[in-house]
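J.:
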Amino acid sequence: SEMGALVRLKELNLRNNKLAGTMPTQIGKLVDLEVLDLFSAANQFSNNFYGTIPSEIGSMLNLKRLDLSSNYFTGTIPSQIDMLTQMRYISFHGNH
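Residue numbering for the sequence shown follows my numbering, beginning at -14 and increasing consecutively.
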């Protein structure tokens, strides 16, 4: 996927963009990413991400902020999240 080619990206903010789908496993290739924000407020611009959170997220060792709130993620939080030692903020609240 094209997303995996953005290896120098520092911040990916897709908050409230009417996006839907699963989180691609290629997200783990964004090794310089510090912020991943897929938050979805309850409004006409809500995102609808669903499925499981890929374990490849554990490869994003520079990640400091992860907000996956108010989507439709299911399953367990991948244990690889423990490897993200730079993490300062993480939120999964409001997933259905």
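In this text, a Cβ means the ideal position worked out from N, Cα and C, and glycines have one as well.
Please read these numbers as outputs of a predicted model, since none were measured by experiment.
1) Have a look at the DSSP bridge pairing and note the partners of ASN(-2).
2) Judging by CA-CA distance, which residue of ASP17, MET8, GLY13, GLN29 is the nearest neighbour of LEU23?
3) Is it the case that the Cβ atoms of ASN47 and GLU19 are separated by a distance below 8 Å?
4) Just the C-alpha distance for GLU(-4) and ALA27, rounded to the nearest angstrom, thanks.
5) Roughly how many angstroms separate the alpha carbons of GLN29 and ILE75, rounded to a whole number?
6) To which residues does DSSP link GLY6 through a beta bridge?
7) Can you grab the Cα-Cα spacing for the pair ASN32 / LEU(-6), in whole Å?
8) Just to confirm before moving on: does the CB-CB distance between LEU15 and LEU51 stay below 8 Å?
T.: From the atom records:
1) In the DSSP assignment, ASN(-2) is bridged to ASP22.
2) Looking at the Cα atoms, MET8 is the closest of the given residues.
3) Yes.
4) Looking at the backbone, the Cα of GLU(-4) and that of ALA27 are separated by about 23 Å.
5) Here the alpha carbons of ILE75 and GLN29 stand approximately 24 Å from one another.
6) Answer by DSSP bridge pairing, in chain order: PHE34.
7) When only Cα atoms are considered, ASN32 and LEU(-6) end up about 21 Å apart.
8) Their beta carbons are not under 8 Å apart, which means LEU15 does not touch LEU51 by this criterion.
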